[in-house]
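Here is the structure we will look at.
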Amino acid sequence: HGDPALHNAYRYIDEETPDLSQYDQELPHKFENAEQLLRLARAHECNISDIARMNERCWRSDETIDAGLLHIWSVMNESIERGVTTKGLLQTKAKRRAPAMHERLQKMSHASDSDSELSQQQDPLNAFGFPHHDDWLYCWAMAVNEENACGGRVVTAPTNGAAGVIPAVIKYYQTFHKNPTQKGVDDMLLTAACIGMLYKKGASLSAAEMGCQGEIGVASSMAAAALCEIMGGTIFQVGNAAEIAMEHSLGLTCDPVGGFVEIPCIERNALGAKRALNAARLALFGDGK
């Protein structure tokens with residue numbers, strides 16, 4: 009009769025595999041490249057995120073879309089929370105660094121008035137003053153990818169090896185923006201999805217095919233566009249932010265130590281998140297044209 013476990017596995021696959029034919033329809037706002045995407049947004053006088061939402065409405069209501077986006081962000085945020093609290097070793101026997109970073113940043117953030125001056129003098133991270141917003145970005149990105157390296161649950165956005173960039177940048181928005189909202193998080197995810205689709209259609213998301221520029225570079229580009237839009241950037245500035253982040257990721261190769269997605273992959277997520285922030289801010293200094 010065969011292996012019961014194998015039989016059950018196939019049964020679950022059959023039950024969970026959706027009927028893709030129901031999604032086989034022409035999108036109302038189809039785009040194949042950035043020029044077409046910007047033309048659509050300009051014609052409809054809307055943001056990049058709005059184009060993604062209008063296409064999603066082909067299959068589901070706004071309520072279902074919002075619920076799905078909230079679920080995606082919840083999983084991302086849970087990856088961060090686990091990553092900053094779970095200590096131990098990676099498969100390469102390197103120590104997980106995010107928990108120690110998190111503890112140190114918390115101590116610096118919560119230092120009392122009486123000892124803050126002393127802590128500023130003693131901690132080399134305070135040599136240029138604070139707040140340490142960028143350090144939190146590094147911590148969150150590394151937390152997610154240390155989770156990935158240890159088999160934890162992450163959102164593949166755009167890949168597992170680059171899964172820390174977008175969550176870190178969204179967490180940055182949620183934590184440090186003057187007026188963060190759930191709609192802001194939703195719009196960031198939708199904008200990032202549009203940019204990710206451009207790379208999926210026009211190139212590849214695979215490091216095996218494109219090197220790390222196809223993973224960290226794409227993730228950084230997606231996050232930069234998302235952050236730029238939520239900061240008030242025009243569609244052209246958003247496109248420029250995506251371009252800047254990728255332009256300065258070109259040439260990254262994929263050659264992880266021991267074949268594990270750990271070294272240098274985890275640190276690259278931290279630097280990719282920072283590159284997204286820099287690209288978004290730099291794009292806002294120009295008009296994107």
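In the working numbering, the protein residues as written are 9 to 297. In this text, a Cβ means the ideal position worked out from N, Cα and C, and glycines have one as well. For clarity, every value in this text was computed on a predicted model and none was experimentally measured.
Item	Value
Quick check on the DSSP output: the alpha helix (DSSP H) that includes Asp74 runs from which residue to which?	70-91
So the candidates are Glu154, Arg47, Arg68, Ala42; which of them puts its Cα closest to the Cα of Leu97?	Glu154
Tell me the DSSP secondary structure of Leu97 in three-state form.	strand
Out of Met218, Glu217, Met254, which has the shortest C-alpha to C-alpha gap to Ala233?	Met254
Which same chain residues end up closer than 8 Å to Asn55 when comparing Cβ atoms and leaving out the 5 residues on each side of it in sequence?	Ala49, Asp195, Thr199, Glu237, Ile243, Val246
Among all the DSSP beta bridges, which residues are the ones paired with Lys103?	Leu97
Going by beta carbon distance, what residues of the same chain come within less than 7 Å of Ile203, once the five residues before and after it are set aside?	Ser229, Met230, Ala233, Ala250
Between Gly240, Asn187, Glu270, which lies nearest to Cys220 when the distance is taken from Cα to Cα?	Glu270
Pick out whichever of Glu86, Ile224, Leu285 has its Cα sitting closest to the Cα of Glu275.	Ile224
Between the segment 104-117 and the segment 174-181, are three or more C-beta pairs nearer than 8 Å?	no
Please say whether Ala170 and Ala106 have beta carbons closer to each other than 8 Å?	no
Alpha carbon to alpha carbon, what distance is there between Pro36 and Phe268?	42 Å
Between Val92 and Ala51, is the Cβ-Cβ spacing less than 8 Å?	no
Kindly indicate which residue of Asn156, Pro175, Phe136 has the alpha-carbon position closest to the one of Leu145.	Pro175
Taking the C-alpha atoms as reference points, what is the distance between Arg61 and Glu71?	11 Å
Can you tell me whether Ser122 is buried or exposed? The criterion is at least 16 other CB atoms within 10 Å of its CB, across all chains shown.	Unreliable placement is indicated for Ser122, whose pLDDT of 46 sits below 50; no coordinate value is reported for it.
Verify whether the separation of the beta carbon atoms of Thr100 and Gly280 is less than 8 Å.	no
With distances taken Cα to Cα, identify the nearest neighbour of Glu159 among Gln33, Gln190, Leu213, Thr94.	Checking the displayed sequence, the identity of residue 159 turns out to be Gly instead of Glu. Ranking Gln33, Gln190, Leu213, Thr94 by Cα distance to Gly159 puts Thr94 first.
Can you tell which of Leu235, Asn277, Pro166 has the C-alpha that lies nearest to the C-alpha of Lys209?	Pro166
Between the C-alpha atoms of Gly241 and Asn41, what's the straight-line distance to the nearest angstrom?	20 Å
Using the Cα positions of Ala296 and Asn248, report the straight-line distance between them to the nearest angstrom.	Going by the sequence as given, residue 296 is Gly instead of Ala. Their Cα atoms are separated by approximately 5 Å.
Starting from the C-beta of Ala278, find all residues in its chain whose C-beta is less than 6 Å away, skip the five residues before and the five after it, and write them out in chain order.	Tyr146, Ala149, Met150
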